[in-house]
Amino acid sequence: MYDPSQLRTFLAVAQTLSFTQAARRLGLRQSTVSQHVRRLEEAAGRQLFSRDTHSVELTEDGEAMLGFARRILEVHEQATAFFTGTRVRGRLRFGASEDFVLTRLPEILEGFRYDHPEVDLELTVELSGTLHERLAAGKLDLVLAKRRPEDPHGRLVWRDELAWIGAERLRLDPERPVPLIVYPPPGITRALALEALERQGREWRVVCTSGSLNGLVAAARAGLGVMAHSRGLVPPGLVRVPDRFGLPELGRVDFVLVHGHRRTAAHGAADALAAAILAGGDRLHRR
1 MYDPSQLRTF LAVAQTLSFT QAARRLGLRQ STVSQHVRRL EEAAGRQLFS
51 RDTHSVELTE DGEAMLGFAR RILEVHEQAT AFFTGTRVRG RLRFGASEDF
101 VLTRLPEILE GFRYDHPEVD LELTVELSGT LHERLAAGKL DLVLAKRRPE
151 DPHGRLVWRD ELAWIGAERL RLDPERPVPL IVYPPPGITR ALALEALERQ
201 GREWRVVCTS GSLNGLVAAA RAGLGVMAHS RGLVPPGLVR VPDRFGLPEL
251 GRVDFVLVHG HRRTAAHGAA DALAAAILAG GDRLHRR
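Numbering-wise, the UniProt record's numbering puts 133 at position 133 of the sequence shown, and it's gapless, one number per residue.
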């Protein structure tokens with residue numbers, strides 16, 4: 001009833017909330033993406049997206065289709081691998097940014113390990129900037145991390161707005177420097193936050209620096225200050241800082257998958273893990 005190619009297209013649109021970005025990810029024309037979505041909606045007999053010239057949003061039926069699409073594609077891939085006799089194997093050095101520490105990424109990795117038991121998966125959790133550096137140096141095979149919106153490298157998993165977050169009881173004095181909780185350099189979120197404050201002419205001071213997301217969250221929950229973070233990944237116990245405090249807009253950030261430039265024995269395993277992440281990417285930021 002449901003065509004796997006149409007389901008893949010649906011997932012790409014659901015994760016990027018953009019027909020244009022979905023087309024780029026899949027290497028298709030935008031008209032083909034629209035056609036796949038229309039045919040899937042016809043097969044389901046339901047509208048999966050509400051869309052106009054400015055925005056794309058999942059409908060309630062579209063949210064329900066997400067889980068079905070993932071499961072159908074997972075079984076499809078398992079059946080394909082079984083009957084073609086292809087076995088992915090080798091050592092795969094995978095890097096994931098600190099942003100995913102508190103998400104459902106472990107579930108995706110667990111499913112990958114179950115489907116590909118002959119892959120020796122080596123996980124590195126680091127700042128996005130550090131991961132990109134290690135990938136360029138040939139020390140990693142695949143990276144899931146942030147990039148600046150103007151950076152063309154990588155396959156877009158999803159795009160999100162950045163927001164200022166902190167403890168619900170936090171109050172900011174407009175006459176004093178903004179207390180910042182930040183990653184150390186070369187953190188991408190840190191750089192974007194400082195650039196936004198400097199454009200506004202707002203004074204700031206660093207009250208906490210940590211390379212661990214858990215460390216930053218602990219400081220924020222203690223009310224020490226504010227931190228810039230993806231809206232779709234706000235940790236429990238923290239909330240968006242109200243607009244009345246006058247903090248500047250932070251813009252958006254892309255979460256991408258980037259393969260190493262060197263073709264290694266892990267190439268097939270990297271492709272398989274990338275496919276698993278792209279199929280389940282909405283689980284990383286939807287609650």
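Beta carbons are placed, not taken as given, at the ideal position from N, Cα and C, and that holds for glycine.
Everything numeric in this text was worked out from a predicted model, so none of it was measured.
CB-CB under 7 Å to residue i, same chain, minus the five flanking residues each way: which ones, in chain order?
i      : result
Ala228 : Leu162, Trp164, Thr189, Leu192, Ala193 and Leu250
Gly232 : Asp160 and His285
Leu102 : Leu213 and Pro235
Thr209 : Val182 and Pro184
Gly246 : Pro174
Ala270 : Leu92, Asp141, Leu142 and His259
Arg262 : Gly138
Arg104 : Arg283 and Leu284
Leu66  : Ala14 and Asp282
For residue i versus residue j, is the C-beta distance shorter than 8 Å?
i           : j      : result
Leu48       : Gln6   : no
Thr124      : Gly95  : yes
Leu238      : Ala219 : no
Leu73       : Ala279 : yes
Ala276      : Arg93  : no
residue 355 : Ala64  : Here the chain comprises residues numbered 1 to 287, so residue 355 is not present and cannot be evaluated.
Ser168      : Leu127 : Looking at the sequence itself, residue 168 is Glu, so the reference to Ser does not match. Result no, Cβ atoms of Glu168 and Leu127 do not sit closer than 8 Å.
Glu118      : Arg87  : yes
Gly154      : Arg147 : yes
Gln30       : Trp158 : no
Gly225      : Gly187 : no
Pro248      : Arg171 : no
Gly166      : Val217 : no
Arg25       : Leu156 : yes
His116      : Pro4   : no
Val253      : Ser230 : yes
With a CB to CB cut of under 6 Å and the five nearest residues on each side skipped, what residues in its chain are close to residue i?
i      : result
Asp120 : Arg91
Trp204 : Pro177, Val178, Leu180 and Leu197
Ser50  : Glu57 and Thr59
Asp151 : none
Gly62  : Leu48 and Phe49
Gly268 : Val88
Ala222 : none
Specify, as a first and last residue, the run of the alpha helix (DSSP H) that residue i falls within.
i      : result
Phe19  : Phe19 to Leu26
Glu107 : Leu105 to Asp115
Leu278 : His267 to Gly280
Val13  : Pro4 to Thr16
His285 : It is not in any alpha helix (DSSP H) - His285 carries neither H nor E in the DSSP assignment.
Glu38  : The residue you asked about is not Glu; residue 38 is Arg in the sequence shown. It spans Gln30 to Ala44 - the alpha helix (DSSP H) in which Arg38 sits, taken as one unbroken run.
Along the beta strand (DSSP E) that carries residue i, what are the first and last residues, could you check?
i           : result
residue 309 : Coverage of the chain is limited to positions 1 through 287, which leaves residue 309 absent and any answer about it impossible.
Val119      : Val119 to Glu126
Val241      : Segment: none, Val241 is in no beta strand (DSSP E) and carries neither H nor E.
Ala96       : Gly90 to Ser97
Ser50       : Phe49 to Arg51
Leu58       : Val56 to Leu58
Cβ of residue i less than 8 Å from any chain D Cβ?
i      : result
Phe100 : This model lacks chain D altogether, as it is built from one protein chain only.
Suppose the cutoff is 8 Å on Cβ atoms and the five residues either side in sequence are ignored; what does the same chain contact list for residue i look like?
i      : result
Glu107 : Gly280 and Arg283
Val13  : Phe19, Ala22, Val33, Val37, Phe49 and Val56
Arg287 : At Arg287, the pLDDT of 45 sits below 50, so the modelled position is not reliable; the number obtained from the coordinates is stated separately. Answer for Arg287: no residue qualifies.
Phe112 : Val119, Leu121, Ala272, Leu273 and Ala276
* List in chain order: all unbroken alpha helix (DSSP H) runs of 4+ residues lying wholly within the segment 166-232. => 188-200 and 213-221
* Asked: Does the segment 138-150 come close enough to the segment 237-257 that 3 or more CB-CB pairs lie under 8 Å?
  -> yes
* Identify every run of the beta strand (DSSP E) within the segment 137-161, keeping only runs that are complete inside it and at least 3 residues long; order them along the chain. => Qualifying beta strand (DSSP E) stretches, in chain order: 142-147.
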